[in-house]
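**Student:**
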Amino acid sequence: MSIFYGAIVIILSVRLYFLQVYPALIVEGEIENYQAENLSHMNYRVFDTNGKDLISYNKKYVVVLDTKPFMLNNYEETLEDLMALNFIMKSESPDFNYSEVMKKEGKIYYTVSEETYDKVNKLENIKGIYTYIYDEIDNKEAWSTNNLFSNIEENLVEDSIEDKIYSYIKENDYPAAKFYLDEKSIYGDGEVNASNNNNIKLTINSEWENKIREILNKKDYSFLKNIGVVVSEASTGKIRAMVQKDESQANVNLGIGQLGYEPGSIFKVITEAIALDEGLISPTDKFLCSGEICSKNGESYAHGLLSVEDALKVSCNDVFAKIGAKIGYSDMMDYLNSMGLFKPVLNIKGENRNEAAGVKPTIENSMNNISIGQTVMVTPIQMAGLYNTVANNGVYIKPSIIESIVDDEDNIVNDFKEEEKRVLSETASKLTQETMAKVIWEGSGFEAKVEGVNIGGKTGTSTGSGGTNHGWFAGYFDFNGEKYTIVVIAPNIGDKHPDGRELGGGNTGAPIFSDIVTELTK
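Numbering of the sequence shown is given in this note's numbering, commencing with residue 340 and proceeding in unit increments.
1. Look at E858 and K557 and say whether their C-beta atoms are less than 7 angstroms apart.
2. Can you say whether P700 is buried or exposed, counting buried as having 16 or more other CB atoms within 10 angstroms of its CB?
3. Return helix, strand or coil for R761, following the three-state DSSP convention.
4. Under the assumption that V314 contacts K797 (Cβ atoms under 8 angstroms), give the Cβ distance between them as a whole number of angstroms.
5. Can you find a CB in chain D that lies within less than 7 angstroms of the CB of E510?
6. If you follow the alpha helix (DSSP H) that Y456 is part of, which residue opens it and which one closes it?
7. In whole angstroms, what is the alpha-carbon distance linking V653 and A641?
8. Assuming the contact rule is C-beta atoms closer than 8 angstroms, I720 and L685 should be a hit. Round their C-beta distance to whole Å, please.
9. Let's see if you can read the secondary structure: which residues bound the beta strand (DSSP E) around R579?
10. In whole angstroms, what separates the C-alpha of L325 from that of S506?
11. Where does T455 land, buried or exposed, given buried means 16+ other C-beta within 10 angstroms?
12. So does the region 523-543 actually touch the region 735-753, counting three or more Cβ pairs closer than 8 angstroms?
13. Given a cut-off of 7 angstroms on the beta-carbon distance, is the pair A516 and Y449 in contact?
14. Tell me whether F426 is buried or exposed, calling it buried when 16 or more other Cβ atoms sit within 10 Å of its Cβ.
15. Using the Cα positions of I491 and Y396, report the straight-line distance between them to the nearest angstrom.
16. For V531, is the classification buried or exposed, using 16 other Cβ atoms within 10 angstroms of its Cβ as the cut-off for buried?
17. Which value, in whole angstroms, describes the spacing of the CA atoms of V792 and E648?
18. In its own chain, which residues sit with a C-beta less than 6 angstroms from the C-beta of V826, not counting the 5 before and 5 after it?
19. Can you check whether the CB of L393 is closer than 7 angstroms to the CB of V385?
20. Are the CB atoms of G663 and M706 within a distance shorter than 7 angstroms?
21. What residue range is occupied by the uninterrupted alpha helix (DSSP H) comprising W864?
22. Report the residue from P622, L619, E758, G618 whose alpha carbon sits nearest the alpha carbon of S677.
23. Name, in chain order, the residues that DSSP records as bridge partners for T798.
24. Could you check the C-alpha separation between T807 and T847 for me, to the nearest Å?
25. Just checking my contact of A650 with S768 at CB under 8 angstroms: how many whole Å lie between their CB atoms?
26. So who's on the other strand from I825, going by DSSP bridges?
27. Over what stretch of residues does the alpha helix (DSSP H) that includes V684 continue unbroken?
28. Take D749 and list the residues in its own chain whose beta-carbon comes closer than 8 angstroms to its own, dropping the five residues that flank it on each side.
29. Mind pulling the alpha helix (DSSP H) runs of 4 or more residues that sit fully within the region 604-655?
30. In angstroms with no decimal places, state the Cα-to-Cα distance between V348 and Y513.
31. Less than 7 angstroms between the C-beta atoms of L763 and D616, yes or no?
32. Note down the Cα distance separating N727 from S571, rounded to an integer number of angstroms.
33. Would you list the residues sitting across from V531 in a DSSP beta bridge?
34. Alpha carbon to alpha carbon, how far is D778 from C655?
35. Could you say which of I605, D559, L842, A696 lies nearest to G729 if we only look at CA atoms?
36. Tell me the DSSP bridge mates of Q374?
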């Protein structure tokens, strides 16, 4: 080992002795007095509604050798530090050697470990070397709200939400630092540029999202490959959480890569609300279920004479088909269009990230099917808009996820607000809320119960591709004087629950709804 150290000293001595003469030939003006480096992939930040920075970064630790001032290192002054640098860098990059560095021109970049970065920073006397940390976006969970707007410039489509946001951030400066040489050709620590950029503030409550993620990853739901959840504030349309169990997969809440999903029986709530608004029914009106489209255990099943509210509690297809026939196709479509169905809600667009618009049924699909959520294709975020309307006493506000544009000092540059539009009467909406509550406390949604909280909702099971089913639950809950809606979808749930029961919205979406409400209202 002593021979090795001796060889290193000899090599460095010869090289650095030569460098004591050679630098005299270098013209001082050829060395720039500073170097500038970008410190982040992004020139804006993304905050939640409470001002928390949402973007997750991978830290890249960078060591830079600027060859011209580096060649000015003096043997007597810096040999010890240069030898230390040599050994430190070789442990990180075995091919590192001074001979090669001396042959190169310009700047040489090395991405190193945090440990190596810290060791290099302790070498204070070496000329022509500086270090910095670069923030690289962690995109492992690309479809989380944390990362949904982290690559706006790379996903621009005209008239999209990304295009609208870009108009506010395109003039932003990237975080950067200037590293100045002192009179000894030693670089300083770096002066970070001062700027006042525009940033994105979302409607999301990240604390709520994290609680929901923990619920979705509980052992109780390990049999479900993916689960989507949208939580929105009914009075404003603001999305407070948009989470899915596997956020590396295309976003199910937005229907990315899909036409949408049949909503199944959660659609019956909307059918009831429309019929009540039109004055066609009352909750106590009775209809006969003859088992024409109702079934149990794979066979036709007649519920007999049922009131509207009892029909919702047992999710009777026959009764709601008859209610839908009273509404008629044209009026039904007018109501649905007025609540944002059949067009993207957030208007997210880009390569492999187009939000689904859903599929509008035709009159040939028949009101029997449409009224019970079949032949209709929707996204969970669209259903959140419909349920918000009921929970907001009949006023529709399009769900939104951008709250405002703020500068670095948290001043509002632009506030985003959606227009209010009355679609249903207050009476029809409140009557529907009451029947939704009975679904949970007296009917098929019993697994969604949360004691001490005002809640209502509806289970749903629909057919997916390949013969698999989707489990749904949609409902509302009261908290701190506000009504919030929750839409849960568990796509492609399979046939059997681990406990042997047939799978559906009642034993997938409903207990998830209960867990979420319980956790958020603690």
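Cβ coordinates follow ideal geometry from the N, Cα and C atoms, glycine included.
**Tutor:** Let me spell this out:
1. no
2. buried
3. strand
4. Here the chain covers residues 340 to 861 and nothing more, so residue 314 does not appear.
5. Chain labels in this structure do not include chain D; a single protein chain is all it has.
6. 453-460
7. 12 angstroms
8. 7 angstroms
9. 578-583
10. The question about residue 325 has no answer, for the chain in this structure spans 340 to 861.
11. buried
12. yes
13. no
14. exposed
15. 16 angstroms
16. exposed
17. 21 angstroms
18. V569, P719, M722, A723, A813
19. yes
20. yes
21. Outside the displayed span of the chain (340 to 861) sits residue 864, for which this structure offers no information.
22. E758
23. F812
24. 14 angstroms
25. Actually they do not touch by this definition, with Cβ atoms about 19 angstroms apart.
26. V570, G814
27. V684 -> no alpha helix (DSSP H), and no H or E assigned at all.
28. G390
29. 607-616, 647-653
30. Confidence at V348 is low in this model, with a pLDDT of 49, below 50, so the placement of that residue is unreliable and no value is reported for it.
31. yes
32. 8 angstroms
33. A516
34. Before going on, a small fix: residue 778 reads as Val here, not Asp. Cα-Cα distance, rounded: 12 angstroms.
35. The sequence shown places Val at residue 729, rather than the Gly named in the question. Closest option to V729, Cα to Cα, is I605.
36. F518
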